[in-house]
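Below is one structure, written out as structure tokens, with a few remarks after it.
Residue numbers (my numbering): 1 to 420.
Below you can see the structure in the form of structure tokens.
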């Protein structure tokens, strides 16, 4: 259990979790002249003459805006931008520690879709990428799609794309261990941001038999009352147009993925599945079914979003490395080739050690955390270059070295300032 008083005290004692720290010394008059006036005017003129040089002369090349309207904060729902700020500060720390990326929380008071889009467009010159975070769906989908179409920098949606990358990486190892393949019958319970992200990556990756269930039952082409994004799910999944609820569809399934709510899965559902059933119960903080209950029902592999059981499907495994890779090659956008490459890279980190209780690496393992970020950054950067989405070319070795150097630099600062 979380000790609420300790948590509040930990946040209050420092006045939040973030501060701005200079990369350069400001000790002498020469320093002042070089880094501010009059010297900085020279840099401004260079950028004015060639806008792309902003990546060379400013921190745009390593900075991300974390944008949220506070309408879907963790499991708390619509609590507003002020109440969402502690989450975004925490996210910024994770970007820095695990990817060496400078991330700025921007919790905005606008909740109208067009207003959010206009705000992000107006601040985009400062950043090398945008991370859309904890905005309610389906509004978040439209925001991401419209911004992606209009901006020349990547717009990353962690709830959707980050979850998809980690879930796919875990699934690739799980089906291999279970002796299954991409013809496996996969049921996804939940059609919000995370569900959409998983569906898109699974179908892009070649999985043939995917079915999605929402609160009204199976999604299929022709079902009434579907928004444009659920219509996309209907077109790309459930080709037989099966109807019914979760309990109906789970019979004979190989994989059951939950991105829904606590208690949505039962042991009887798992018993109806094929041999060596794979269960991902990813609702947070309480999963659709507990790890122990799923195992008792016969699940061969179980993953949750929790850190106190094996196989934690945690977005932290993905977003720092992915975004570092985007920034390293000054990507103009993000596509599913990049996300798929990230999933493959993440699945390979476990390697030959993969077993039913280790299908995904532990981000808190100090031996693996830098490897995870470097491998994902390299995979994303390489894919960006191959698909024409990069502004510059770098070798894989350069991307890995830069990622590791950024993380090491922060680690040194962290230990010196925080004294631990």
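No residue lacks a Cβ here, since even glycine has one placed at the ideal position from N, Cα and C.
Range of the contiguous alpha helix (DSSP H) that encloses residue i
| i | result |
| --- | --- |
| residue 186 | Run containing residue 186: none in the alpha helix (DSSP H); it sits in the beta strand (DSSP E), 185-189. |
| residue 421 | Residue 421 is absent from the structure shown; the chain starts at 1 and stops at 420. |
| residue 35 | 29-35 |
| residue 54 | 54-57 |
| residue 248 | 246-249 |
| residue 66 | Element bounds for residue 66: not the alpha helix (DSSP H) but the beta strand (DSSP E), 63-68. |
| residue 13 | Neither: residue 13 is in no alpha helix (DSSP H) and is coded neither H nor E. |
| residue 169 | 163-177 |
| residue 230 | 228-236 |
| residue 43 | 40-49 |
| residue 92 | 81-99 |
Close Cβ partners of residue i (< 8 Å) along its chain, the five nearest in sequence each way excluded
| i | result |
| --- | --- |
| residue 293 | 267 |
| residue 140 | 72, 132, 157, 159, 160, 193 |
| residue 306 | 284, 285, 287, 291, 312 |
| residue 24 | 31, 35 |
| residue 358 | 310, 311, 350 |
| residue 472 | There is no way to answer for residue 472, as the model of the chain reaches only from 1 to 420. |
| residue 397 | none |
| residue 81 | 68, 69, 70, 107, 108, 109 |
| residue 375 | 321, 345, 346, 348, 349, 400 |
| residue 175 | 181, 182, 184, 254, 255, 278 |
| residue 252 | 185, 272, 273, 274 |
| residue 354 | 173, 176, 177 |
Endpoints, the beta strand (DSSP E) within which residue i is located
| i | result |
| --- | --- |
| residue 155 | 155-157 |
| residue 256 | 255-258 |
| residue 210 | 209-214 |
Check whether residue i and residue j have beta carbons under 8 Å apart
| i | j | result |
| --- | --- | --- |
| residue 126 | residue 60 | yes |
| residue 219 | residue 203 | no |
| residue 153 | residue 67 | no |
| residue 318 | residue 120 | no |
| residue 123 | residue 106 | yes |
| residue 406 | residue 172 | no |
| residue 187 | residue 163 | no |
| residue 282 | residue 255 | no |
| residue 210 | residue 189 | no |
| residue 100 | residue 17 | no |
| residue 360 | residue 169 | yes |
| residue 384 | residue 403 | no |
| residue 316 | residue 76 | no |
| residue 391 | residue 128 | no |
Inter-residue Cα distance where the pair is residue i and residue j
| i | j | result |
| --- | --- | --- |
| residue 69 | residue 30 | 42 Å |
| residue 400 | residue 393 | 14 Å |
| residue 296 | residue 278 | 13 Å |
| residue 216 | residue 243 | 10 Å |
| residue 201 | residue 37 | 49 Å |
| residue 249 | residue 234 | 15 Å |
| residue 145 | residue 5 | 41 Å |
| residue 370 | residue 74 | 26 Å |
| residue 245 | residue 98 | 40 Å |
| residue 337 | residue 323 | 14 Å |
| residue 79 | residue 116 | 17 Å |
| residue 111 | residue 352 | 47 Å |
| residue 92 | residue 240 | 44 Å |
| residue 227 | residue 11 | 40 Å |
| residue 51 | residue 382 | 24 Å |
| residue 408 | residue 414 | 10 Å |
| residue 207 | residue 232 | 16 Å |
| residue 22 | residue 137 | 37 Å |
| residue 64 | residue 155 | 10 Å |
Beta-carbon proximity list for residue i, same chain, < 6 Å, skipping 5 on both sides
| i | result |
| --- | --- |
| residue 280 | 257, 303 |
| residue 332 | 152, 389 |
| residue 379 | 341, 342, 345 |
Spatial neighbours of residue i in its chain, beta-carbon cut-off 7 Å, leaving aside the 5 residues before and after
| i | result |
| --- | --- |
| residue 335 | 387, 389 |
| residue 178 | 276, 278, 300, 301 |
| residue 113 | 139, 142, 143 |
| residue 43 | 57 |
| residue 54 | 47, 60 |
| residue 247 | 269 |
| residue 339 | 161, 164, 165, 201 |
| residue 87 | 73, 74, 134 |
| residue 298 | 270, 271, 277 |
| residue 85 | 105, 107 |
| residue 221 | 234, 235, 241 |
Residue i at chain C interface by Cβ criterion, 8 Å
| i | result |
| --- | --- |
| residue 151 | Of the protein chains in this structure there is only one, and it is not chain C. |
Check your understanding: What are the uninterrupted segments assigned as beta strand (DSSP E) that are 3 or more residues long and contained completely in the segment 102-146, given in chain order?
Key -> 102-107, 129-132
Review point. Could you give the uninterrupted runs of the beta strand (DSSP E) lying entirely in the segment 265-313, keeping only those of 3 residues or more?
Key: With a minimum length of 3 residues, the continuous beta strand (DSSP E) runs that stay inside the segment 265-313 are 278-281, 301-304.
**Study point:** Uninterrupted alpha helix (DSSP H) stretches inside the segment 327-412 (no shorter than 4 residues)
**Key:** 336-350, 369-386
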